[in-house]
Amino acid sequence: MNQWILIYNYLTIPLFGFVLKVAAIFNKKIRTALKDRNQLFEDLKEKIQKIDQTKPLIWFHSSSVGEFEQAKPIIEKINAKKEYIILASFLSPSGYYAARRYEKADLITYYPFDSKKNVLKFIEIVNPRILIYMRYDIWPNSVIELSKRKIPVFLVDATMKKNSPRKFPLIKDFHRFLFSKFEKILTISEEDKNGFLSFGIPEEKVLVAGDTRYDRVYQKSQNALKQKILNENIIRNKKIFVAGSTWSEDEKELFPALIKLHKIEKDLLSIIVPHEPSIQTLEQIEFELKPHISTIRFSMLNQYADEKIIIVDSIGILLTLYAYADVAFVGGGFKSNIHNVLEPAVYGIPVLFGPKFSNSQEAFQLIKENGGFSVSNKVEIYKLLRKLFSDETFRRNTGNNAKRFVEKNIGATEKIAQILMEYI
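Laid out in structure tokens, this is it:
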């Protein structure tokens with residue numbers, strides 16, 4: 065199988081590098097990622113010198129913010145006694161910059177461009193005890209070079225869709241070779257396990273451990289419940305609807321339904337949390353809503369005068385706002401892919417989302433468990449919201465189903481940590 069290493073290093077990587085340089089001309093995010101990597105090794109050496117190098121180093125790699133959220137419960141479980149050095153590497157600038165605020169990782173860095181030379185240099189500097197890839201962002205040279213050194217590599221929260229491109233001819237052969245180098249692949253479901261086994265991997269290498277997203281969202285929800293960001297006078301005797309991470313495509317279908325609903329539900333308070341609360345976005349939302357219904361921005365709530373819709377003009381508070389909701393809508397499903405449906409579901413409330421949710425296995429399961437609904441247009445949104453807000457028993461039962469769904473999937477962190485600790 066050495067031909068795969070040769071093809072990857074002498075054809076794929078040079079071509080990938082060329083494409084990145086061209087793409088950087090037009091894409092700011094790629095340009096930033098390349099620029100930030102200019103001093104990667106120098107910065108890493110400097111950081112390494114400032115830590116206790118007698119402790120074993122545990123390396124976690126995540127593509128971006130979402131994948132690192134899944135790593136956090138594991139990090140906090142295995143390093144509760146501060147016995148290890150935690151290194152977190154990232155592909156994207158968003159993950160790298162967000163993680164710098166995370167105090168429980170000792171070293172934050174970009175993953176280097178995946179040439180053999182770069183990877184050998186990276187491994188020499190950090191000297192990891194193990195490497196844990198989160199979810200899917202696997203880089204072949206790290207896997208191969210660590211395997212040569214008998215340093216175990218894990219894939220955690222792993223998924224394998226039936227139509228995954230990794231199963232295409234030739235590409236499948238390469239991934240069969242690559243997956244064989246992993247110590248363990250810990251999948252989120254039996255279906256995903258079978259997907260990996262279809263590559264011919266020995267069954268003892270592939271285990272179902274669950275999904276740490278459930279643990280993380282539960283952990284965060286318990287912290288959020290302690291926060292009080294809405295004045296009791298604002299929410300008293302109100303039914304509350306929260307629409308989180310919405311895009312204009314979502315709002316096009318959602319707003320007509322909300323305007324109509326507010327005419328009937330006089331004690332309804334809606335909170336709109338746009339995914340990108342730029343000035344332009346906020347003004348557009350106000351332009352669409354104000355002719356029909358009163359609105360106020362979150363930052364102006366000290367002047368609240370019984371407005372019916374609060375438009376959130378800050379970031380980082382959505383999970384806490386869901387805690388106030390009786391019903392939630394999760395955005396992205398009318399654009400391309402929905403955002404995190406677990407964040408509202410953990411509070412035991414019904415969850416609505418648009419028709420594009422193929423990226424979210426938990427959305428499929430939430431529908432199956434009668435805790436969530438996919439809606440295709442403004443008519444469906446209105447009818448469902450009308451029923452949820454007028455039928456308290458239906459709303460409560462649906463919410464309880466959502467909460468049970470989350471709670472029965474908690475526990476992956478414990479299973480994963482026990483497996484990893486055998487190799488640290």
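The opening position of the sequence shown corresponds to residue 65 in this note's numbering, with each subsequent residue numbered one higher. All residues carry an ideal CB built from backbone N, CA and C; glycine is no exception.
* How would you write the range of the beta strand (DSSP E) that residue 436 sits in, first residue to last? -> Counting along the chain, the unbroken beta strand (DSSP E) around residue 436 starts and ends at 436-438.
* Beta-carbon contacts of residue 275 that lie in its chain and below 7 Å, excluding the five residues immediately before and after -> Cβ neighbours of residue 275 beyond the five flanking positions: 221, 252, 473, 476.
* Check residue 239 in the structure and name its three-state DSSP category. => DSSP places residue 239 in the helix class (H, G or I) of the three-state scheme.
* Asked: Would you call the CB atoms of residue 416 and residue 398 closer than 9 Å?
  -> No; because the gap between Cβ atoms is not below 9 Å, this pair is not in contact.
* For residue 356, verify whether its CB is less than 8 Å away from any heavy atom of the ligand GDP. => The ligand GDP is absent from the structure shown, which contains no ligands of any kind.
* Taking DSSP as the reference, what is the three-state secondary structure of residue 174? -> DSSP places residue 174 in strand when its eight states are reduced to three.
* Asked: Using DSSP with H/G/I as helix, E/B as strand and the rest coil, what is residue 81?
  -> Note: residue 81 maps to helix in three-state DSSP.
* To do: Inspect the CB distances between the stretch 177-197 and the stretch 155-169 and report whether three or more fall short of 8 Å.
  => Counting C-beta pairs with one atom in each stretch, the stretch 177-197 and the stretch 155-169 have fewer than three that are closer than 8 Å, which means they do not touch.
* **Residue range of the unbroken alpha helix (DSSP H) whose run includes residue 409** => Run containing residue 409: 406-409, per the alpha helix (DSSP H) assignment.
* To do: Starting from the C-beta of residue 131, find all residues in its chain whose C-beta is less than 6 Å away, skip the five residues before and the five after it, and write them out in chain order.
  => Only 198, 199 meet the Cβ criterion.
* Asked: Which same chain residues, not among the five before or five after residue 168, have their C-beta less than 8 Å away from its C-beta?
  -> Excluding sequence neighbours, residue 168 sits near 136, 139, 140, 143, 150.
* Asked: If residue 332 and residue 305 are in contact, beta carbons under 8 Å, what's the gap, nearest whole angstrom?
  -> With a Cβ gap of about 6 Å, residue 332 and residue 305 count as contacting.
* Give the C-beta separation of residue 215 and residue 234 to the nearest angstrom, bearing in mind that I take them to be a contact with Cβ-Cβ under 8 Å. => The pair is not a contact, with the Cβ atoms about 28 Å apart (cut-off 8 Å).
* Asked: For residue 197, which three-state DSSP category applies?
  -> Strand.
* What residues in its chain sit with their C-beta under 6 Å from that of residue 452, if we drop five residues either side in the sequence? -> Take residue 452, set aside five residues on each side of it, and the residues of its chain with a beta-carbon closer than 6 Å to its own are 391, 414, 459, in chain order.
* Taking just the CA atoms, how far does residue 324 sit from residue 443? -> Near 10 Å, if we compare the C-alpha coordinates of residue 324 and residue 443.
* **Closest Cα partner of residue 316 within the set 285, 328, 282, 352** => Residue 352 is the option with its Cα nearest to residue 316.
* State the beta-bridge partners of residue 412 as determined by DSSP. => As far as DSSP is concerned, residue 412 takes part in no beta bridge.
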